[in-house]
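Read through the structure below, which is laid out as structure tokens, and then see the notes.
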Amino acid sequence: MRKGQIYSFIVILIIIPLVIFILVNIISLQQADKNTIDKIISDQIHQTESIITGDFNRAIKTGGRRSLLAMMNVLLQNETGQYVTDAKGHMVELMTNGSYDNEINIIMFNNTLPVWRDKILSVGINFDKTLNYSNLEVTNYDGFNILATLNYEVTVADRTNKSRVDKNGTKTILISAQGFEDPIVVLETGGLASKRVTKSPYPFQALKVYSGTTTGNCSGNLTFDDSVPDPSKILVNETTSAATVGWRGVISEDNGIPGVTCYMLDASNAVVMLSKLVNDTGYEKVYLDEITGVWMLPIEDVISSGYYSTFATSGPDFLDRLEGRLTETANGLESFVNVEEMKSIGFHQSPVDDDKTSIDYLYFDSAVHTGYPVRLLESTYSWFRLNCTQGMKYNLSELVQNNC
Numbered sequence: 002m003r004k005g006q007i008y009s010f011i012v013i014l015i016i017i018p019l020v021i022f023i024l025v026n027i028i029s030l031q032q033a034d035k036n037t038i039d040k041i042i043s044d045q046i047h048q049t050e051s052i053i054t055g056d057f058n059r060a061i062k063t064g065g066r067r068s069l070l071a072m073m074n075v076l077l078q079n080e081t082g083q084y085v086t087d088a089k090g091h092m093v094e095l096m097t098n099g100s101y102d103n104e105i106n107i108i109m110f111n112n113t114l115p116v117w118r119d120k121i122l123s124v125g126i127n128f129d130k131t132l133n134y135s136n137l138e139v140t141n142y143d144g145f146n147i148l149a150t151l152n153y154e155v156t157v158a159d160r161t162n163k164s165r166v167d168k169n170g171t172k173t174i175l176i177s178a179q180g181f182e183d184p185i186v187v188l189e190t191g192g193l194a195s196k197r198v199t200k201s202p203y204p205f206q207a208l209k210v211y212s213g214t215t216t217g218n219c220s221g222n223l224t225f226d227d228s229v230p231d232p233s234k235i236l237v238n239e240t241t242s243a244a245t246v247g248w249r250g251v252i253s254e255d256n257g258i259p260g261v262t263c264y265m266l267d268a269s270n271a272v273v274m275l276s277k278l279v280n281d282t283g284y285e286k287v288y289l290d291e292i293t294g295v296w297m298l299p300i301e302d303v304i305s306s307g308y309y310s311t312f313a314t315s316g317p318d319f320l321d322r323l324e325g326r327l328t329e330t331a332n333g334l335e336s337f338v339n340v341e342e343m344k345s346i347g348f349h350q351s352p353v354d355d356d357k358t359s360i361d362y363l364y365f366d367s368a369v370h371t372g373y374p375v376r377l378l379e380s381t382y383s384w385f386r387l388n389c390t391q392g393m394k395y396n397l398s399e400l401v402q403n404n405c
């Protein structure tokens, strides 16, 4: 009997720790599963907040672009040819209410911020969600973009409110004005001309690559391959000689006289520097000018392609252009008016002023803004004019023919 009791007691002593061990592991696994589930829910809540915020950012951009389109439509349909009044105020009204001067604008149908907010919140995710905004304002950013600023609040929580994300602050979104017609060009020409705002792809308009003595005047695309002479191109090489013939011109790092009539010698590091400029800009043409030196002039392509540029002090930005302002502004837009094109479509400043600057907002201004021919551009654009201030801005002071 006593032995049986002892054995039973020993078994109990062995079983109890095993039971305790098993129970502890079960509880631990349950807790681990609960923590894993809580973490998954928390991650989903954060992801949902990120999606809501990202979608709302895109909604602001979409609504902003649509509001610009709506204002352009109002401007083009105005039979009296009047500009928009208070472009900033109307842009906010269109984005928030879908109306212009309290009249519903069809272009904003289903594209206002309240509509987009409701669409975003209606997505079937099993969380409590809120999205609110206030104090929407718009202003020029860099000529090509309009800055939308507003206060926002985003909340995402599970149904028990145990896991929750609250975010609020000030949101700033850039709304691109590129691709829209320039209101000034359209209205000032009575609809005869049109130009879309497209940013110049070049980091500079004009660059004097080398100063010093240049023999002859010529221009052409650069090449660094001297194997097959091309009479339309400018050869760039480290060494040259009288045997270097068959090229439009030559730029050489040494002082050997080439067998062409247009060249520049002792051009330090020409091969490396010019090849880098070509790779960085995609622009290949150079001018050899015996008076001033060697130039790269992407402004030539800017003129022909109708590109826009922006500077610290420039012409009116896009919002100002919607209002018909023809004055300088900070970080605005500038392009060039093709005078020959204006004449061909039956429009030109009255009285005719062929010496007026080609800067768009000054050309369309009724005041006198005299410009002067630009050396090296005359053969292609005989009508092109800049004054000394503009010549300095575009790095063309040496070439503006008024002793700037």
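Everything in the sequence shown is counted per the numbering used here, starting at 2 for the first residue and increasing by one.
The beta carbon of each residue, even a glycine, is placed where N, CA and C say it ideally should be.
Determine the contact status of residue i and residue j, defining contact as a CB-CB distance below 9 Å.
i, j, result
"GLY144", "PHE319", "yes"
"PRO230", "LEU236", "yes"
"SER1", "ALA331", "Nothing can be reported for residue 1: it is not among the residues displayed for the chain, which extend from 2 to 405."
"GLY55", "ALA149", "no"
"ILE174", "ILE61", "yes"
"LEU193", "GLY307", "no"
"MET265", "THR214", "yes"
"SER195", "VAL303", "no"
"LYS286", "SER228", "no"
"SER310", "LEU278", "no"
"ILE360", "GLN402", "no"
"ASP356", "ARG376", "no"
"PHE128", "ARG160", "yes"
"ARG59", "PRO184", "no"
"GLY260", "VAL246", "yes"
Put residue i into one of helix, strand or coil per three-state DSSP.
i, result
"ASN98", "helix"
"ARG66", "helix"
"ILE360", "strand"
"LEU208", "strand"
"ARG386", "coil"
"LYS394", "helix"
"SER409", "Residue 409 is absent from the structure shown; the chain starts at 2 and stops at 405."
"SER43", "helix"
"SER242", "coil"
"ILE176", "strand"
"SER29", "Because the pLDDT of SER29 is 49, which lies under 50, any placement of that residue in the model is unreliable, and the question is left without a value."
"ASN169", "strand"
"THR282", "helix"
"ALA271", "helix"
"THR54", "helix"
"ASP366", "coil"
"VAL287", "strand"
"LEU400", "coil"
"ARG376", "coil"
Less than 6 Å between C-beta atoms, sequence neighbours within five positions excluded: which residues of the same chain meet that for residue i?
i, result
"ASN388", "THR358, GLY372"
"SER68", "MET92, LEU95, MET96"
"TRP296", "LYS209, TYR288"
"THR293", "GLU399"
"GLY156", "The residue asked about is misnamed: residue 156 is Thr in this sequence, not Gly. Excluding positions up to five away in sequence, the list reads THR131, ASP167."
"CYS405", "CYS389, GLY392, SER398"
"ARG118", "LEU132"
"ASP34", "The predicted model places ASP34 with a pLDDT of 48, which falls under 50 and marks its position as unreliable; any figure quoted below should be read in that light. Within the same chain, ASP34 has no close Cβ partners at all."
Starting from the C-beta of residue i, find all residues in its chain whose C-beta is less than 8 Å away, skip the five residues before and the five after it, and write them out in chain order.
i, result
"ALA313", "ALA331, ASN332"
"THR240", "SER253, GLU254, ASP255, GLY257"
Can you give the beta carbon distance from residue i to residue j, rounded, assuming they're within the 8 Å contact cut?
i, j, result
"GLU324", "THR86", "7 Å"
"SER177", "ASN152", "With 8 Å as the limit, SER177 and ASN152 do not qualify as a contact, their Cβ atoms being about 23 Å apart."
So, at 7 Å on beta carbons, what are the nonlocal neighbours of residue i in its own chain, with the 5 sequence-adjacent residues on each side left out?
i, result
"LYS412", "This structure gives no information on residue 412, because the portion of the chain shown stretches from 2 to 405."
"SER276", "PHE225"
Tell me whether residue i, by its Cβ, gets closer than 8 Å to a heavy atom of the ligand COA.
i, result
"LEU266", "Absent from the structure shown: the ligand COA. Ligands present: none."
Give, in chain order, every unbroken run of the alpha helix (DSSP H) that is at least 4 residues long and sits entirely within the segment 294 to 348.
300 to 306, 319 to 323, 340 to 345
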